[in-house]
Amino acid sequence: MASSFKDFGNPPLTRQREVVLCVIRESEGHLTANEVFAAAKAKLPTISFATVYNSLRYLKDAGHISEVSFGNGASRFDAMTHRHDHALCTDCGALVDIEMELPRELVKRAAEYSRFKPESLEFTLRGKCPDCAGSATPRGPHVVRKYKAKQLSKFDKKDSHRDK
Ligand SMILES: [Zn+2]
Ligand SMILES: [Zn+2]
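The working numbering applies: residue 1072 is where the sequence shown begins, and numbers increase by one.
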């Protein structure tokens, strides 16, 4: 899919920047700089962390990617550059895109309350992802493990007084 990178008005990307952009677009989630580095190194073993870091800055400034951060923890890099929101799992840190329109009333009230001139508003839903919430339909090995643990604890109760 390298050809799609040439459709931008910007000058053509260097090989390193192209690899970094490719890593972010191929990833399902939102990678940290370290994760981008690991994936980029797999494609281009000679690439250094400094180059990856500089490429991320460049790609962000050029509007190819966006950066999301939540105060604590490392920034993550996002292939989606248009306005969107996120759901963040408080257990495993999974970050999922949400595409929805925020009610205008919300912006208006927040602006009135703070007396700020609004520029942007971001919504973050924090909670447990389906895997961590241990839904009844196990999907990944992660869930299966939790599901089993739950069944065992139920069994333990019936099995009256086991030493703790
Ligand atoms: Zn989770
Ligand atoms: Zn996103």
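The beta carbon of each residue, even a glycine, is placed where N, CA and C say it ideally should be. All figures in this text were calculated on a predicted structure; none of them were measured in a lab.
Per-residue burial, residue i [other beta carbons within 10 Å of its own, 16 or more giving buried]
i       : result
ASP1162 : exposed
SER1185 : exposed
LEU1130 : buried
SER1126 : buried
LEU1173 : exposed
PRO1212 : Here the model assigns PRO1212 a pLDDT of 47, short of 50, so the residue's position is not dependable and the matter cannot be decided.
Contact check, residue i vs residue j, beta carbons under 7 Å
i       : j       : result
ALA1109 : VAL1090 : no
LEU1192 : VAL1178 : yes
Nearest candidate by alpha-carbon position, reference residue i, set the options
i       : options                               : result
ASP1202 : ASP1132, VAL1167 and LYS1179          : VAL1167
PHE1120 : GLU1172, ARG1088, ALA1182 and VAL1178 : ARG1088
LEU1159 : ALA1113, PHE1187 and GLY1198          : GLY1198
MET1241 : ASP1156, GLY1144, ASN1125 and GLY1134 : Nothing in the structure corresponds to residue 1241, since the chain is present only between 1072 and 1235.
HIS1153 : ALA1181, PHE1187 and GLU1138          : GLU1138
GLY1100 : GLY1164, ALA1182 and ILE1118          : GLY1164
THR1117 : PHE1187, ALA1145, ALA1133 and ARG1086 : ARG1086
ALA1133 : PHE1194, ALA1204, GLY1205 and PRO1082 : PRO1082
PHE1194 : ILE1169, GLY1205 and ARG1180          : ILE1169
Close beta carbons around residue i, own chain, < 7 Å, minus the five adjacent residues each side
i       : result
ILE1095 : LEU1102, VAL1107, ILE1136, PHE1148 and ALA1150
VAL1123 : VAL1091, ALA1104, VAL1107, PHE1108 and ALA1111
Three-state class that DSSP yields for residue i in the structure shown
i       : result
PHE1141 : strand
ILE1136 : coil
PHE1108 : helix
CYS1093 : helix
PHE1194 : coil
ARG1086 : helix
PHE1120 : helix
Own chain residues within Cβ distance below 6 Å of residue i, not counting five before or after
i       : result
CYS1200 : CYS1160 and ALA1165
SER1146 : GLU1138 and SER1140
ALA1182 : PRO1189
LEU1115 : VAL1090
ARG1180 : none
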